[in-house]
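Report on the structure given below.
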Amino acid sequence: MTTLPTRAIGALTTSALGLGCMNLSHAYGTPPSEEDAIRLLNHALDLGITLLDTAALYGFGSNERLIGKGVMHRRAEFTLASKCVLDVIDGKRGLDGSPAAIARTLDGALERLGTDHIDLYYLHRLDRNVPIEESVGALARAKEAGKIGALGLSEMSAATIRRAHAVHPITAVQTEYSPWVRNPELGVLDACAELGIGFVAFSPVARGFLADAVHEPTFEKHDIRNFMPRFAAENLPHNLALLDRFRRVAQDAGCTPAQLSLAWVLAQRPDIVPIPGTRSIAHLEENVAALEVTLSADTIAAVDAIFTPGAVAGTRYAPPMQAQIDTELLPEELAEADAG
4 MTTLPTRAIG ALTTSALGLG CMNLSHAYGT PPSEEDAIRL LNHALDLGIT LLDTAALYGF
64 GSNERLIGKG VMHRRAEFTL ASKCVLDVID GKRGLDGSPA AIARTLDGAL ERLGTDHIDL
124 YYLHRLDRNV PIEESVGALA RAKEAGKIGA LGLSEMSAAT IRRAHAVHPI TAVQTEYSPW
184 VRNPELGVLD ACAELGIGFV AFSPVARGFL ADAVHEPTFE KHDIRNFMPR FAAENLPHNL
244 ALLDRFRRVA QDAGCTPAQL SLAWVLAQRP DIVPIPGTRS IAHLEENVAA LEVTLSADTI
304 AAVDAIFTPG AVAGTRYAPP MQAQIDTELL PEELAEADAG
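Counted from 1, the sequence shown has number 252 at position 249 by my numbering; the numbering is strictly sequential.
This is the structure:
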């Protein structure tokens with residue numbers, strides 16, 4: 004097994020790059036076969052990745068079962084992260100941050116994963132009908148019971164993070180972050196630094212866009228990008244022009260676009276751990292090789308010059324999905340929300 008550079012996520016130490024496991028079961032069209040998915044998970048561990056990130060929602064539980072079947076025999080080699088609050092309710096995606104629902108989701112996750120302990124357990128989204136203090140209290144009790152080791156929050160604002168941290172120390176905050184999604188810079192990154200909380204960046208290659216994998220606004224039926232404004236036919240041509248410039252910066256830097264995006268995220272702060280997902284072993288190896296890329300200040304400035312405020316066409320989420328997001332909105336997103 005290879006040893007990779009490490010970073011601290013609060014009190015945890017993991018490889019500087021983790022693996023988001025969602026797309027092995029969920030959200031991006033037809034998932035790979037179980038055999039191929041298990042092969043990729045094990046190869047990630049062989050490469051030295053020591054953070055695997057899943058959730059109860061992914062594949063409606065099948066992603067946790069996949070990890071349980073595929074790599075739990077190597078349990079000592081990785082930090083296991085999963086999430087609650089978003090779960091399957093009456094056969095559909097649902098949001099429930101009540102203590103009873105959290106306890107129920109956690110017990111189901113432990114069974115699916117085939118373990119009695121999850122190292123890092125997140126509140127996947129903010130349930131605005133339940134005070135954050137009550138949801139965090141449920142996680143604190145789960146920690147006291149030995150079911151989880153550390154508490155996390157996902158897609159929550161700096162104000163919510165502070166409220167949660169006052170109830171029980173938060174170890175990690177997970178939010179989308181890449182050159183074209185800069186919302187965490189509005190307050191979350193500073194709050195994490197202030198409180199000693201690690202930051203985990205999901206979709207650090209912009210759902211494949213900054214990996215140069217999206218060129219047409221056509222996706223499989225069950226691909227969530229069908230419902231994301233930045234990938235819509237009216238916005239994608241504008242964004243592809245930004246990608247052309249990004250691709251040229253990557254070429255000048257001697258790396259691939261995906262590696263440029265990952266290296267950019269890694270360069271922002273020393274407490275950030277990106278968790279790109281992939282179904283391809285070749286892409287997995289490409290992502291891990293990003294840890295060997297050192298960007299000059301000029302290269303970072305060139306990336307920032309492409310993705311200036313308001314440069315990207317389309318909001319990050321459509322209104323129904325945005326309603327479950329607590330992370331601060333950029334000015335152009337606020338204008339869109341006001342217009343709607």
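For every residue, glycine included, the Cβ atom is placed at its ideal position computed from N, Cα and C.
Quick caveat, the model's predicted, so the values are computed rather than measured.
For L189, tell me which candidate among E336, T108, G140 and E67 has the shortest Cα-Cα distance.
Residue numbering aside, residue 189 sits at position 186 when the sequence shown is read from its first letter. When each option's Cα is compared against that of L189, the closest is E336.
Quick one: does the C-beta of R210 sit closer than 7 Å to a heavy atom of the ligand FMN?
No copy of the ligand FMN occurs in the structure displayed, which carries no ligand at all.
Residues in the same chain with beta-carbon distance under 6 Å from K95, minus the five sequence neighbours each way, listed in chain order, please.
The sequence position of residue 95 within the sequence shown is 92, counting from 1. The answer is none, since no qualifying residue turns up.
Under 8 Å between the Cβ atoms of L213 and A19?
Within the sequence shown, numbered from 1, the residue matching residue 213 stands at position 210. Within the sequence shown, numbered from 1, the residue matching residue 19 stands at position 16. Not a contact, by the Cβ cut-off of 8 Å.
Nearest neighbour of S197, chosen from L109, I164 and L113 [CA to CA]:
Locating residue 197 in the sequence shown gives position 194, where the first residue counts as 1. According to the sequence shown, residue 197 is Glu rather than Ser. The shortest C-alpha separation from E197 is found at I164.
Compare the C-alpha of A261 against each of A153, Y31 and L246 and name the closest.
For this step, residue 261 is matched to residue 258 along the sequence shown. For the residues A153, Y31 and L246, the minimum Cα distance to A261 belongs to L246.
Contact between the stretch 67–77 and the stretch 100–107: three or more CB pairs below 8 Å?
no
Which value, in whole angstroms, describes the spacing of the CA atoms of L109 and R319?
Counting from 1 along the sequence shown, the entry for residue 109 is found at position 106. Counting from 1 along the sequence shown, the entry for residue 319 is found at position 316. About 29 Å.
Which class does Y61 belong to by DSSP, given the choice of helix, strand or coil?
Reading the sequence shown from its first residue, position 58 is the one you call residue 61. Looking at Y61 - three-state DSSP - the assignment turns out to be helix.
Curious, which full-length beta strand (DSSP E) runs of at least 3 residues does the stretch 93–157 contain?
95–98, 121–126 and 151–157
In the DSSP assignment, the alpha helix (DSSP H) including P35 goes from what residue to what residue?
As a position in the sequence shown, residue 35 is number 32, starting the count at 1. Neither: P35 is in no alpha helix (DSSP H) and is coded neither H nor E.
Buried versus exposed, by CB contacts within 10 Å (16 or more), I278
Position 275 of the sequence shown, counted from the first residue, corresponds to residue 278. So I278 ends up on the buried side.
Which parts of the stretch 201–263 are runs of the beta strand (DSSP E), unbroken and 3 residues or longer, counting only runs that do not cross its ends?
201–205
At a cut of 8 Å, does the stretch 296–306 reach the stretch 263–281 through at least three beta carbon pairs?
yes
Relative to the C-alpha of Y124, which residue among R251, A59 and D215 is closest?
As a first step, residue 124 is located in the sequence shown; it is residue number 121 there, counting from the start. Nearest option by C-alpha distance: A59.
Can you find the residues in the same chain that come closer than 8 Å, C-beta to C-beta, to A14, ignoring five residues on each side of it along the sequence?
Against the sequence shown, residue 14 aligns to sequence position 11. So the qualifying residues of the chain are A153 and T174.
When the distance is taken between beta carbons, is D49 closer than 8 Å to G21?
Indexing the sequence shown from 1 puts residue 21 at position 18. Indexing the sequence shown from 1 puts residue 49 at position 46. No. Outside cutoff.
Provide the residue(s) that pair with D1 in DSSP beta bridges, ordered along the chain.
Within the shown structure, residues of the chain are numbered from 4 to 343, placing residue 1 beyond reach of any answer.
Look at the alpha carbon of T17 and the alpha carbon of F81, and state the distance between them as a whole number of angstroms.
Taking the sequence shown and counting its residues from 1, the one referred to as residue 17 is at position 14. Taking the sequence shown and counting its residues from 1, the one referred to as residue 81 is at position 78. Going from the Cα of T17 to the Cα of F81 covers about 8 Å.
Does DSSP put D90 in a helix, a strand or coil?
Indexing the sequence shown from 1 puts residue 90 at position 87. Three-state result, D90: strand.
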